[in-house]
Amino acid sequence: LLLGNYSVGGAYDNGLLFFVGSGGDLTALKSLSGKVTWSVQLPDQYSFSSPPIAIGGQVFTGGAGDGGTLYGVDEKHGHLQWTQSVENGDDSSPAFGDGGIYVSYPCQDYKFTPIAGKPIWHYSGGCEGGGGDTPSYFDNRVYTGGAYVFNADSGALVGTYAGNATPAFFTNDKGKGYGLSLSNGELYCWSTKTENVTWNFSGDGQLTGLPIVVNGIVYIGSQSGTLYALDGARGKNLWSTNVGGWVTGLTAGQGALIVTSGSTISAYVPQ
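Structure below.
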């Protein structure tokens, strides 16, 4: 499936896929057919580099250009429900957890209510700038850009983490938590209890973006266009394929893995 312009990534919820173009066009597709359900232009900004998330009947994403804006959009019809001003708005796909939406920019981290976009807390490190990072929520902790770890309820800074990209997290079938950190093109899996590394994977040395975990399988892309599927327990490479270009986003739903590469969207299903 080809979109009209460069897509910065996608999200899935309630049988729909949502994609944001670099110019701010937010599009909803039926996940099984790829048919466009609606498409709207997000207002006030002209540069979009933050993949959306979708949960509970809403889509959330950020935009930049003149400052920054966070958007809450109705999934069913594409109606804009609310906006909130943030510092710069680049590169931070929102995260959800503990009843809040989180975004992270240089020295600036936020939590908002999903329904109305009301601020819950804001951490300011005394600076601001371009760029941003996708935060992660796990076990009442929020992991943001700048290697900060916050208490999700209060916004209190409680620690830091290693690596040059925000971790992703999953829980195995025994209830044990694990983090996935990308550092210098290599993926590390570590225990959230002990922080000991359980496995690492380098692939082609060009791994990029945030991994996702579906039914115990870790998916990670590379700048070369290679998509890898790894056994979450051991890090063994189960299979790989080339999607044709730099992997810019991964999402999953209804038994399918959705991969974004530039303006191309591909769906993969188990055989």
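By the count of the working numbering, the sequence shown reaches residue 1171 at its end, each step adding exactly one.
Here a beta-carbon is modelled for each residue, glycine too, at the ideal position from N, C-alpha and C.
| Check | Outcome |
| --- | --- |
| So, using beta-carbon positions, are G1063 and V1049 closer together than 7 angstroms? | no |
| Pick out whichever of Y912, A928 and Q945 has its Cα sitting closest to the Cα of S922. | Q945 |
| Sorted by chain position, which residues of the same chain lie with C-beta nearer than 7 angstroms to S1166's C-beta, five sequence neighbours on each side aside? | V1143 and V1159 |
| Per the contact definition of three or more C-beta pairs closer than 8 angstroms, is the segment 1129–1141 in contact with the segment 1107–1120? | yes |
| DSSP on G921, reduced to helix/strand/coil? | strand |
| Within this structure, are the beta carbons of L980 and G963 separated by less than 7 angstroms? | no |
| Which residue marks the beginning of the beta strand (DSSP E) containing I1120, and which one marks its end? | I1117 to S1122 |
| If distances are taken between C-alpha atoms only, which option among S1161, G1045 and G1030 comes closest to G1121? | S1161 |
| Any chance you could list the beta strand (DSSP E) runs of at least 3 consecutive residues sitting entirely within the segment 941–968, in chain order? | 953–955 and 958–965 |
| Along the chain, which unbroken stretches of the beta strand (DSSP E) at least 3 residues long are found entirely within the segment 984–1023? | 995–997, 1000–1005 and 1008–1012 |
| Would you say L926 and L917 are within 7 angstroms of each other, going by their C-beta atoms? | no |
| Would DSSP call G1046 helix, strand or coil? | helix |
| What does the alpha-carbon distance come out to for the pair S985 and G967? | 8 angstroms |
| Suppose the cutoff is 6 angstroms on Cβ atoms and the five residues either side in sequence are ignored; what does the same chain contact list for P951 look like? | V908, G909, S993 and G1149 |
| Can you give me the C-alpha to C-alpha distance between G1000 and K1011, rounded to a whole angstrom? | 6 angstroms |
| Anyone know if the C-beta pair for Y971 and T983 falls short of 7 angstroms? | yes |
| How many angstroms separate the CA atom of D1053 from the CA atom of I1020? | 9 angstroms |
| Of the choices G1153, G1103 and A1065, whose alpha-carbon is the least far from that of K1136? | G1103 |
| Under the three-state reduction of DSSP, which class applies to A1152: helix, strand or coil? | strand |
| Within its chain, find whatever has a CB closer than 6 angstroms to the CB of Y912; leave out the 5 residues flanking it on each side and keep chain order. | T1151 and G1153 |
| Looking at the structure shown, is S1081 part of a helix, part of a strand, or coil, going by DSSP? | strand |
| Whose C-beta lies closer than 6 angstroms to the C-beta of T1141 among residues of the same chain, with five residues either side of it excluded? | L1127 |
| Is V959 near V940, with beta carbons less than 7 angstroms apart? | no |
| Which one or two residues does DSSP pair with W1146 in a beta bridge? | DSSP, once it has assigned bridges, lists no residue as partnering W1146. |
| On the DSSP letters alone, give me the boundaries of the beta strand (DSSP E) that T1092 sits inside. | Looking at the DSSP string, T1092 is not in any beta strand (DSSP E), and its letter there is neither H nor E. |
| Which word fits N988, buried or exposed, when buried means at least 16 other C-beta atoms lie within 10 angstroms of its C-beta? | buried |
| Could you give the distance in angstroms between the alpha-carbon of G1145 and the alpha-carbon of G1125? | 4 angstroms |
| Report yes if the C-beta distance between G1075 and Y1037 is below 7 angstroms; otherwise report no. | no |
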